[in-house]
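Under my numbering, the residue at position 133 of the sequence shown is numbered 429, and the numbers go up by one with no gaps.
Each residue gets a CB set at the ideal place from its N, CA and C atoms; glycine is no exception.
Structure first, then comments.
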Amino acid sequence: MAGVTSAGASLGAGLLALRALSTAGQAMRDAQGKVVDGGADLATQGYYSYAHDVVYLACACLVLGSLHPAFFYLWVLVPLYVAYYAATFVLPMLVGGRRGEAQAGGSEDRQANQRRQLTAEERKAKRAQVRRIQSRR
């Protein structure tokens, strides 16, 4: 019975993510049939990438779950990934860890910026020399 419930949950989550992707990718048209909005670019990173992952995971769970019910535990990957993402990306921004990293590496950042500025100035000087030589011809 647990396998049937897991299969229904996998199918439901996969269909929900697929429906969200198809709705987001559709073009919106006005009353005359002209395209108002071309729809979202589904190849971008972020929400649509995660929705694609949910569709793939649902398919994997359905296919592998038909072989053995234990494969439905693959769905544990979703909350684990959300927790990992929150701990490595969202939580440091909320706590202010980014500021501490920037203060610790401040002198290195300044040196790197100074090097970039010097190379940019050198390139600008070389371009000016080339332009002067070309204008003399």
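Task: Proximity of A354 and S306 at Cβ, strictly below 7 Å - done: In contact: A354 and S306 (Cβ atoms closer than 7 Å).
- [ ] Assign A424 to buried or exposed, taking buried as 16 or more other Cβ atoms, counted over all protein chains shown, within 10 Å of its Cβ.
- [x] A residue is called buried when at least 16 other Cβ atoms come within 10 angstroms of its Cβ; A424 does not meet this threshold and is exposed.
- [ ] Provide the residue span of the beta strand (DSSP E) that contains D333, from first to last.
- [x] From DSSP, the beta strand (DSSP E) with D333 extends over 331-333.
Open item on the list: On the DSSP bridge list, what partners appear for M324?
Closed with: DSSP, once it has assigned bridges, lists D333 as partnering M324.
Task: Reduced DSSP category for A309 - H, G, I as helix; E, B as strand; rest coil - done: A309 falls in the helix class under three-state DSSP.
Open item on the list: Going by DSSP in three states, Q425 sits in which element: helix, strand or coil?
Closed with: Reduced to three states, the DSSP call for Q425 is helix.
Open item on the list: Assuming G321 and V351 are in contact, meaning their beta carbons sit under 8 Å apart, how far apart are those beta carbons, in whole angstroms?
Closed with: The pair is not a contact, with the Cβ atoms about 13 Å apart (cut-off 8 Å).
Task: F385 versus R325: straight-line alpha-carbon distance, rounded - done: Between the alpha carbons of F385 and R325 lies a gap of roughly 37 Å.
Open item on the list: Within 10 Å of its beta-carbon, does G361 have 16 or more other beta-carbons around it, so buried, or fewer, so exposed?
Closed with: Flag for G361 reads buried.
Open item on the list: Tell me the rounded alpha-carbon separation between L314 and Y377.
Closed with: Cα atoms of L314 and Y377: separation of roughly 20 Å, rounded to the nearest angstrom.
Task: Integer-rounded CB distance, given that A347 should sit under 8 Å from A316 - done: Confirmed, Cβ separation roughly 6 Å.
TODO: State the DSSP-derived secondary structure class of R315, mapped to helix, strand or coil.
DONE: In the structure shown, R315 falls within a helical segment according to DSSP collapsed to helix, strand and coil.
TODO: Return the CA-CA distance between L370 and G392, expressed in angstroms with no decimal places.
DONE: So the alpha carbons of these two residues sit roughly 33 Å apart.
TODO: Entirely within the stretch 346-394 and at least 4 residues each: give me those alpha helix (DSSP H) ranges in chain order.
DONE: The stretch 346-394 is shown to contain whole alpha helix (DSSP H) runs of 4 or more residues at 373-381, 387-391, in chain order.
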